[in-house]
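Chemist:
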Amino acid sequence: MSGDSSHDVTAQEACDIVGIGVSVWDSVFLVDVFPNRGTVVRANRRVEGIGGGVSVAIATAARLGSTAAMVDSLGDDAAAHRIVTDLAANGVQTRGISQITGHSSSVASIWSDLKSNERTIVYSPGSASDSLRWSTAIEALVLGAKVVHLNGRHARVCEVAIRLAREVGAKVSFDGGAHRYREEIIPMLTSSDIVIVAKEFAMSHYRNRDGAEDCPRLQRLTEFLMADLECEIAGVTDGINGSFLIQRDGDSLYQPAVETDRAVDTTGCGDTYHGGFLHAYVLGYQIDAAAELAARIASSNSQSMGALAFEPTKFTSP
Numbered sequence: 001m002s003g004d005s006s007h008d009v010t011a012q013e014a015c016d017i018v019g020i021g022v023s024v025w026d027s028v029f030l031v032d033v034f035p036n037r038g039t040v041v042r043a044n045r046r047v048e049g050i051g052g053g054v055s056v057a058i059a060t061a062a063r064l065g066s067t068a069a070m071v072d073s074l075g076d077d078a079a080a081h082r083i084v085t086d087l088a089a090n091g092v093q094t095r096g097i098s099q100i101t102g103h104s105s106s107v108a109s110i111w112s113d114l115k116s117n118e119r120t121i122v123y124s125p126g127s128a129s130d131s132l133r134w135s136t137a138i139e140a141l142v143l144g145a146k147v148v149h150l151n152g153r154h155a156r157v158c159e160v161a162i163r164l165a166r167e168v169g170a171k172v173s174f175d176g177g178a179h180r181y182r183e184e185i186i187p188m189l190t191s192s193d194i195v196i197v198a199k200e201f202a203m204s205h206y207r208n209r210d211g212a213e214d215c216p217r218l219q220r221l222t223e224f225l226m227a228d229l230e231c232e233i234a235g236v237t238d239g240i241n242g243s244f245l246i247q248r249d250g251d252s253l254y255q256p257a258v259e260t261d262r263a264v265d266t267t268g269c270g271d272t273y274h275g276g277f278l279h280a281y282v283l284g285y286q287i288d289a290a291a292e293l294a295a296r297i298a299s300s301n302s303q304s305m306g307a308l309a310f311e312p313t314k315f316t317s318p
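Read left to right, the sequence shown gives residues 1 to 318 (this note's numbering).
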């Protein structure tokens, strides 16, 4: 992109939310018990579908009625075809996805324990996931976006997208997943307006900044994020223990997890939380209503198999 801050309005593609991340084709197996080394376990059920934190969040928002687009690089394999087809079927614009001849896409095998809902994941990143380059198609999407959602992948493209979002007044949303904290994504984190991260990610940033080894409670961690990042909204999620969110103006809330006795598979629950929250945000919901919708969607998602299992017709505007 040139250094000129002026942009052709006609090149914009109006879109509520644009996601930049790595899409994955998931195979999810529901098992009674995880296999020991050298053993064979028969699955009760198996489903295949879209995975990847940003992709699932974007597809969630699209299923709820937001206009949403995905930016990614895939190979030219069967997994790429399935990913693009599944995203499009869920209402996601895919013009920002490039497919690279001779490269492979990301796939994952997920074992989900029926009793504990714990998961074990074997992941193959593919060779295309680090090949994304800035393009006029991506620029058009970012120019027309209300929110740009990212999680640390495709760093060079995200750097340009953040700068462009600042120029046109779009918000930047960051999802920090558990065990995903690393030094190179800190510039993205500190440049974001909406920062909602997993507790483990928040703890990693807390220890990196303060050098402390203690484990603050959810509220204290969220207060730390807000003070450190000075973003518009800061939030920390902790699975069945709920989430805590703070707005820059001082409003804060604890959102309990929505309990269910029918939890089957927790794959994608955090990602659908993000998608639900961003959908509500672009509609102008207050933070408490947005967090409640997000928690309800995440709970619903856990009641079936796969990362994108919730039924969107159950959720309407308050």
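Note that the Cβ used here is the ideal one computed from N, Cα and C, for glycine as well.
Give, in chain order, every unbroken run of the beta strand (DSSP E) that is at least 3 residues long and sits entirely within the region 183-246.
Modeler: 194-198, 233-237
Chemist: For a quick check, are the C-beta atoms of V282 and D77 less than 7 Å apart?
Modeler: no
Chemist: Evaluate the contact criterion for the region 156-171 versus the region 140-148: three or more CB pairs, one atom per stretch, below 8 Å.
Modeler: yes
Chemist: How many angstroms separate the CA atom of A307 from the CA atom of A88?
Modeler: 16 Å
Chemist: State the beta-bridge partners of W134 as determined by DSSP.
Modeler: W134 pairs with nothing; no bridge assigned.
Chemist: Can you look up T313 in the DSSP assignment and give me helix, strand or coil?
Modeler: helix
Chemist: Work out the CA separation of S204 and A212 for me, nearest whole Å.
Modeler: 10 Å
Chemist: Helix, strand or coil for D4 per DSSP?
Modeler: Because the pLDDT of D4 is 39, which lies under 50, any placement of that residue in the model is unreliable, and the question is left without a value.
Chemist: Between the C-alpha atoms of E183 and L225, what's the straight-line distance to the nearest angstrom?
Modeler: 16 Å
Chemist: Taking Cβ to Cβ, would you say G242 is nearer than 7 Å to Q255?
Modeler: yes
Chemist: Compute the beta-carbon to beta-carbon distance between N208 and G53, rounded to the nearest angstrom, for a pair I have assumed lies under 8 Å.
Modeler: Your pair N208 and G53 does not check out as a contact, with CB atoms roughly 21 Å apart and the cut at 8 Å.
Chemist: Span of the beta strand (DSSP E) holding T120?
Modeler: 119-124
Chemist: In the DSSP assignment, what residue or residues form a beta bridge with M70?
Modeler: G19
Chemist: For my contact list, S299 and A257 are in at a C-beta cut-off of 8 Å; report their separation, rounded to the angstrom.
Modeler: Indeed, because the Cβ distance is near 7 Å, the residues count as touching under 8 Å.
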